[in-house]
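Numbering (this note's numbering), first residue to last: 881 to 1324.
Ideal placement from N, C-alpha and C gives every residue a C-beta, glycine not left out.
Just so we're clear, the structure is a prediction, and the values are computed from it rather than from any experiment.
Quick notes on the structure that follows.
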């Protein structure tokens, strides 16, 4: 039977498993074609194993430096979903404009993307961004809760929203970091670059990258102080979007296990997360370390180098990475951040049987006639295994559901958007409940 049209998925990596599976089953039921394109054969091979066996799926191997192979995939669809690295999104957007295709992605709206808004509107196309987990579900769930608070005529005085991609505690093993990669490793290594901007107790606060990880705050979870969070970059840009310009506190943050930030701060202070300067003569872990800590690798040497005390738990985390070993590195000319990523990808690899954990929480304080109240809305999702992760589920399913809405024209809006339309986000949140992704709410 001939298909009615096609949806194109660019990128079949770690975060795409649920997206691809969901769309393949939907496409089979609706006789829609599905094109899955990636630059890595192994990613396409993995995708073949999870699609509906009778769905009309095509698999395209992209040539990474060949714009024509990308355009060949884009031109065949009605709706295009980009799960490619952020650096490729602008090229995808240009191809979608060229061939009049709708575009969706989980990534933030960059200034260069926002600059395309007029052209996208003129062509009557929908470009939807920030429709994954964070950003994505954080927006949608916050909008939903804030709508209901507004209906009660309560004034919001504080809004704190935090999200983390963690490891199910049962699968942390002997890793003292209590952390493994559940999504793009590069994003973890360069996280926090720039200045964190937020509002707290009516004061505007700016925290530089060099200070950020030293200012992590405890996050009480189920009565225990086992988690922490650090503020994200510019929280201000979302205040107006959420209609919370007058709140006393507005913070968006990233969740980690307790002690992570203190140890990561060592890398930041040493310069190991620098992503600009190319390091020469770096062939082993030890030669990488020598760029930053020449001489003996001891706790005392490190304390003298940084002029800060190193706690025993932090030193245990650093020793775990065997940075002073002769383990070879694969490339002799990369940035410090790239070398650090290579090392961590070995030590923080998610094993086949491992399960991850996504945690998101909004804490909203309100006041009405002098009476204060706090709302907490929490999303806690555990993964199935290293392929069907909680991260892939919470990033991929909202995006897949939005793509279906755009394809079926149950929601379309010309221009550059994020999921702030009430009809769209209520529809996605309702569908996610049926997939086991839902928020628990409590009033304190």
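For residue 1250, which three-state DSSP category applies?
Numbered from 1 along the chain shown, position 370 holds the residue referred to as residue 1250. Coil.
With 16 as the cutoff for other CB atoms within 10 Å, does residue 1310 come out buried or exposed?
Here residue 1310 refers to the residue found at position 430 when the chain shown is read from its first residue. Residue 1310 comes out exposed.
So residue 1096 and residue 1109 are supposed to be a Cβ contact under 8 Å. How far apart are they, rounded?
Counting from one through the chain shown, the residue named residue 1096 turns up at place 216. Counting from one through the chain shown, the residue named residue 1109 turns up at place 229. Contact between residue 1096 and residue 1109 holds: CB atoms are separated by about 7 Å, below the 8 Å threshold.
Tell me the rounded alpha-carbon separation between residue 1037 and residue 1085.
What you label residue 1037 is simply residue 157 of the chain shown in a count that begins at 1. What you label residue 1085 is simply residue 205 of the chain shown in a count that begins at 1. The straight-line gap from Cα to Cα measures roughly 17 Å.
Output the boundary residues of the beta strand (DSSP E) element that contains residue 1039.
Within the chain shown, the letter at position 159 stands for residue 1039. Per DSSP, the continuous beta strand (DSSP E) segment holding residue 1039 begins and ends at 1035-1047.
Is DSSP giving residue 1119 helix, strand or coil here?
Residue mapping note: residue 1119 aligns to position 239 of the chain shown, counting from 1. In this structure, residue 1119 counts as coil in the three-state DSSP scheme.
Residue 1184, enclosing alpha helix (DSSP H) - first and last residue
For this step, residue 1184 is matched to residue 304 along the chain shown. Per DSSP, residue 1184 is one residue of the alpha helix (DSSP H) stretching across 1179-1186.
Run of the alpha helix (DSSP H) containing residue 1193, from where it starts to where it stops
As a working note, residue 1193 is residue 313 in the chain shown. Taken as a continuous stretch (DSSP letters only), the alpha helix (DSSP H) holding residue 1193 covers 1192-1200.
Determine the closest residue to residue 1006 out of 1296, 1186 and 1188, with distance taken between C-alpha atoms.
Position 126 of the chain shown, counting from 1, holds the residue named residue 1006. When only C-alpha atoms are compared, the closest one is 1296.
C-alpha gap between residue 953 and residue 1067, whole angstroms
By one-based count along the chain shown, residue 953 stands at place 73. By one-based count along the chain shown, residue 1067 stands at place 187. Rounded to the nearest angstrom, the two C-alpha atoms are 26 Å apart.
According to DSSP, residues forming a beta bridge with residue 1163:
Taking the chain shown and counting its residues from 1, the one referred to as residue 1163 is at position 283. Its beta-bridge partners do not exist; DSSP assigns none.
Mind pulling the beta strand (DSSP E) runs of 3 or more residues that sit fully within the segment 1251-1283?
Within the segment 1251-1283, the runs of beta strand (DSSP E) at least 3 residues long that lie entirely inside it are, in chain order, 1251-1262.
Distance check for residue 927 and residue 912, CA to CA, integer angstroms please.
In the chain shown, counting from the first residue as 1, residue 912 sits at position 32. In the chain shown, counting from the first residue as 1, residue 927 sits at position 47. When only Cα atoms are considered, residue 912 and residue 927 end up about 17 Å apart.
With a threshold of 8 Å, are at least 3 pairs of Cβ atoms found where one atom belongs to the segment 972-983 and the other to the segment 998-1005?
Contact holds between the segment 972-983 and the segment 998-1005, because three or more Cβ pairs, one in each stretch, are under 8 Å apart.
Leaving out five residues before and five after residue 1163 in sequence, what residues of the same chain have Cβ atoms less than 7 Å from its Cβ?
By 1-based counting over the chain shown, the position of residue 1163 is 283. Sequence-distant partners of residue 1163 (beyond 5 residues in either direction) whose C-beta falls short of 7 Å from its own C-beta, in its chain, are 1208, 1209 and 1212.
Could you confirm whether any beta carbon from chain C is found closer than 8 Å to the beta carbon of residue 1077?
Any reference to chain C falls outside this structure, which holds one protein chain only.
Could you tell me the distance, in whole angstroms, from the CA atom of residue 1009 to the CA atom of residue 1298?
The sequence position of residue 1009 within the chain shown is 129, counting from 1. The sequence position of residue 1298 within the chain shown is 418, counting from 1. Rounded to whole angstroms, the gap between the alpha carbons of residue 1009 and residue 1298 is 5 Å.
DSSP three-state label for residue 881, please.
By 1-based counting over the chain shown, the position of residue 881 is 1. Only weak support is given to the placement of residue 881: the predicted model assigns it a pLDDT of 49, under 50, and the question is left unresolved by the model.
Determine, using beta carbons only, whether residue 991 and residue 1197 come nearer to each other than 8 Å.
Translated into positions along the chain shown, residue 991 becomes position 111. Translated into positions along the chain shown, residue 1197 becomes position 317. Contact flag unset, no.
Sequence-distant residues of its chain with Cβ nearer than 7 Å to residue 966 (five each side left out)
Position 86 of the chain shown, counted from the first residue, corresponds to residue 966. Only 987 meet the Cβ criterion.
Who are the Cβ neighbours of residue 1320 in its own chain at under 6 Å, not counting the five residues just before and after it?
Counting from one through the chain shown, the residue named residue 1320 turns up at place 440. Non-local C-beta neighbours of residue 1320 in its own chain, meaning closer than 6 Å and more than five positions away in sequence, comprise 1258, ordered along the chain.
With DSSP collapsed to three states, give me the class of residue 1155.
What you label residue 1155 is simply residue 275 of the chain shown in a count that begins at 1. In this structure, residue 1155 counts as coil in the three-state DSSP scheme.
Taking a contact to mean a Cβ-Cβ separation below 8 Å, would you say residue 888 touches residue 915 in this structure?
Residue numbering aside, residue 888 sits at position 8 when the chain shown is read from its first letter. Residue numbering aside, residue 915 sits at position 35 when the chain shown is read from its first letter. Going by C-beta atoms, residue 888 is nearer than 8 Å to residue 915.
With DSSP as the reference, label residue 1214 as helix, strand or coil.
Locating residue 1214 in the chain shown gives position 334, where the first residue counts as 1. Reduced to three states, the DSSP call for residue 1214 is strand.
DSSP beta-bridge partners of residue 1109:
Within the chain shown, residue 1109 is the residue found at index 229, counting from 1. DSSP lists 1097 and 1135 as partners of residue 1109.
Among 1040, 1219 and 1260, which one has its Cα closest to the Cα of residue 1102?
By one-based count along the chain shown, residue 1102 stands at place 222. Of the listed residues, the one whose Cα sits closest to residue 1102 is 1260.
Among the residues of its own chain, which have a CB less than 8 Å from the CB of residue 1283, if the five just before and after it don't count?
For the purposes of this step, residue 1283 is taken as residue 403 along the chain shown, with counting starting at 1. Short of 8 Å from the beta carbon of residue 1283, and not among the five residues preceding or following it, lie these beta carbons of its own chain, in chain order: 887, 903, 959, 961 and 984.
Just verifying my parser: in three-state terms, what is the DSSP assignment at residue 1144?
In the chain shown, the residue the question calls residue 1144 occupies position 264. Three-state result, residue 1144: helix.
Identified DSSP bridge partners for residue 985:
Within the chain shown, numbered from 1, the residue matching residue 985 stands at position 105. BP columns for residue 985 point to 962.
May I ask you to verify whether the segment 1268-1276 touches the segment 1065-1084, counting CB pairs closer than 8 Å and requiring at least 3?
Because the criterion of three Cβ pairs below 8 Å is not met, the segment 1268-1276 and the segment 1065-1084 do not touch.
Complete alpha helix (DSSP H) runs within the segment 974-1031 (minimum length 4 residues, chain order):
With a minimum length of 4 residues, the unbroken runs of alpha helix (DSSP H) contained wholly in the segment 974-1031 fall at 991-994, 997-1002 and 1017-1031.
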